[in-house]
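Step one of this worksheet: look at the structure below.
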Amino acid sequence: MNMIKKIGMLLAGTFFCLSLVVSPAFSATLNYRLKWLFNTSVAGDIMADSGGFFSRAGLDVRVKEGGPEKNAIKELELGYADFGVASADQVIRALDKGADVVVLAQLFQVNPMQWIYRADQPEIRTLNDLRTRHIGVTFGGNDETIMNTLLAMAGLTPKDVRISSVRFDFTPFLKKKVEVWPVYRNSQGVILEDKLAKEGEFVKFFNPADFGVSFVANSVVTSGRMMKKHPEMVRTFITALMAAWEFAMDPANSYRVLSDITKRDKGTRDDIREKQLGETRLLIKPSSQIKIGTIDRAAWVQTETIMVKEKQVKARVYVEKRLAGPAF
Amino acid sequence: MLFRRIYQFLIVYIIGLAGLLAIKYGMGLSDYVIPGIELVAETAGRVVSDYFFDVLNTLSVTILGQFISIVLAFTVGILGRKSSWVGSFIKVMAYNIQAYPIVALAPIIFILLGDGFLSRLLIASMICYFPLLLSVLGIMAAPIKDIEHFYIATGRMRWQLEVKIRAFENLSKLTTVIAGSATLAMAGTIVAEFIAADAGIGYSIRIALYQSDLSGILVALFMIGIVISVYQGMLESLGEQMKTKWSAPKGGDLL
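Chain order of the listed sequences is A and B.
For what it's worth, the numbering used here labels the leading residue of the first sequence as 1, then goes sequentially.
For what it's worth, the numbering used here labels the leading residue of the second sequence as 1001, then goes sequentially.
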């Protein structure tokens, strides 16, 4: 009896503490959760805030930094965020598990996840050139899924290449233990390129999109509930955000954009930040005809097909039905 | 002791899981945020055997790391017990190194040892060693005046005897510290696997995290909890047996 009482008290205490932690709030301030830390990759998001795009649209938005353990879709459901940035695989996984998420805009038209290799190595002109290469992948990460797809397309098996697990630091690549290393082209890629150039080494990048694999990266998302209850607010938000991104990606505004990024990303050198902005521009707006935020439906369907094939999700979730698009 | 450890862990785990499920159903959250009991059960069925061997893999490094830490901590603790300068130097060093985030030290370790077994072992030992050292140093540096006085006065005191007296008088504390350090060694190994390894339960958790698979993480936590409870329970039982043996050698009565 005593024991049951104790367990009961423990349970009650736990529920009380948890109820204090979880607060299903909706306030006048909108929370926008980014996927990663403040850096040049989120130039448009920073400008939307510091450039007054949100406030001029009559919105009070708190732009919150992301990070490795932050997940915008979970925060949407928990009421901690109203809008967020998530990668396509996160969206598809969430839909697979019954989450109510809607895609408003696709930020990256080209996935920044690419592979770097030294220019003195044989060039990767065809997928068959991957044969016998020592390739780094993050086991469980997007790059593993993408690499598996590329190898399958080339008719190669994991035995035809040498795969190594990658981690946070670049030592195996710098020490030439691994030849082909996954990087985010517009952030880590620029830093590594600069570092190796100082040592007299030059690099090339292997972009899966050049070989027909368009795995979608970061996109702006919200919940279906938000879309239904506050469609006007969603429209105002996404219009202001896309305008901020157009401003941020316009080379004419580089000085202003870089100065605003510097205020939030103090750890990066100015020249690196400038190069990163240039690379980000190529991924977000690869040509003047492409409007920022355009949703590439075919790429989304391909991303889902790859994930089904790779057993990342059990069955199709028909992600195309959840692509609202910036002009909905 | 062993049985108590296991059921205490089960109570904690069930309370935690019940709390999560209460939030899930109370707030109507999807399986993506908090997995339902069916999804956890389905995931467990799929991964439990793999995770079990992963935990055993981690445990093997843990045990070795803990053993190295215990040997080192006792060696340094015994050597440093006399000199107040050496003792305080070791303490300062231990406090400082404990404050360094292992994630920041990891790249240095990987450059020196590469990523694999040795890095895991070193990180596990580092996380386990310093708290253990501080406890051993504290115990070994504190004289048991009532007993030691007799041997000092009769000129029969030797360093081995001094260490034995202090260890015997603090046997409960030492047993608790050693059993507790198993958790630290396990946490250290998991951290190392999380940062850079291609084996062990930390590595599997990292993959589950990449895929936002909370059900996989819950199964992994269960496996870690149950295995570490058994291991700690065994250490505590061993400590009890040692205490009994020391207290009543050669079949004598307990004091």
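Glycine included, every Cβ here is placed at the ideal spot set by N, Cα and C.
In this structure N1096/B is exposed. Its beta-carbon is surrounded by fewer than 16 other beta-carbon atoms within 10 angstroms. With contacts defined by Cβ atoms closer than 7 Å, F83/A and T222/A form a contacting pair. Taking a beta-carbon distance threshold of 7 Å, K159/A does not count as an interface residue toward chain B.
Burial of S1212/B is indicated by the presence of at least 16 other C-beta atoms within 10 angstroms of its C-beta. Under the DSSP assignment, L151/A falls in the alpha helix (DSSP H) whose first and last residues are 142-153.
By a beta-carbon distance limit of 8 Å, G66/A does not contact R1206/B. Their separation comes to about 18 Å.
If you check each beta-carbon in the region 64-84 of chain A against every beta-carbon of chain B, the ones closer than 7 Å belong to N71, I73, K74, E77, L78. Judged by their CB atoms, N186/A and Q114/A are not nearer to each other than the 7 Å cut-off. Taking C-alpha positions only, V1086/B is separated from G1080/B by approximately 6 Å. Contact check for V85/A against N218/A passes: the beta carbons are separated by less than 7 Å.
Rounded to the nearest angstrom, the gap between the Cα atoms of I1226/B and F215/A is 39 Å.
In the DSSP assignment, W300/A falls within the alpha helix (DSSP H) that extends over 297-309. In summary, the residues of the region 90-102 of chain A whose CB is separated from some CB of chain B by less than 9 Å are Q90, R93, A94, L95, D96, K97, G98, A99, D100, V101, in the order they occur in the chain.
At a cut-off of 7 Å between beta-carbon atoms, D169/A makes contact with chain B. With a 10 Å radius around the Cβ and a threshold of 16 neighbouring Cβ atoms, L1161/B comes out exposed. The region 74-111 of chain A is shown to contain whole alpha helix (DSSP H) runs of 4 or more residues at 88-96, in chain order. Assigned with DSSP and collapsed to three states, H1149/B falls in helix. Restricting attention to D89/A, S50/A, S55/A, A28/A, the CA atom closest to the CA of R316/A is found in D89/A.
DSSP places R125/A in no beta strand (DSSP E); its state is neither H nor E. Within the same chain, Cβ atoms closer than 8 Å to the Cβ of T1183/B are found at I1228, Q1232, the five residues on either side in sequence being excluded. Taking M1242/B as the centre and dropping the five residues before and after it, the same chain places the C-beta of L1171, T1175 closer than 8 Å to its C-beta, in chain order. Taking C-beta separations shorter than 6 Å and ignoring five residues to either side along the sequence, the partners of T1043/B in its chain run S1215, G1216, V1219, following chain order. For F1222/B, the closest Cβ of chain A is not nearer than 7 Å. When DSSP states are grouped into helix, strand and coil, R281/A belongs to the helix group. T222/A is bridged by DSSP to F83/A, V102/A. Boundaries cannot be given for W36/A, as no alpha helix (DSSP H) includes it and DSSP labels it neither H nor E. The beta carbon of P1035/B is closer than 6 Å to those of L1214, S1215 in its chain, skipping five residues each way along the sequence.
Boundaries of the alpha helix (DSSP H) around S50/A: 43-50. Interface with chain B (7 Å Cβ-Cβ cutoff): F139/A is included. Under a criterion of Cβ atoms nearer than 9 Å, no residue of chain A is adjacent to F1168/B; the nearest Cβ is some 35 Å distant.
In the assembly as shown, A240/A is a buried residue. Its beta-carbon has 16 or more other beta-carbons within 10 Å.
Comparing C-alpha distances from F108/A to each of L30/A, D60/A, T294/A, A197/A shows the shortest one belongs to T294/A.
Put simply, the CB of L1029/B is near chain A, with a gap under 7 Å to one of its CB atoms. Around the CB of T145/A, 16 or more other CB atoms lie within 10 Å, so the residue is classed as buried.
By the 16-neighbour rule on beta-carbons within 10 angstroms, R1158/B is exposed. A straight line joining the alpha-carbon of V137/A with that of S1237/B spans about 44 Å.
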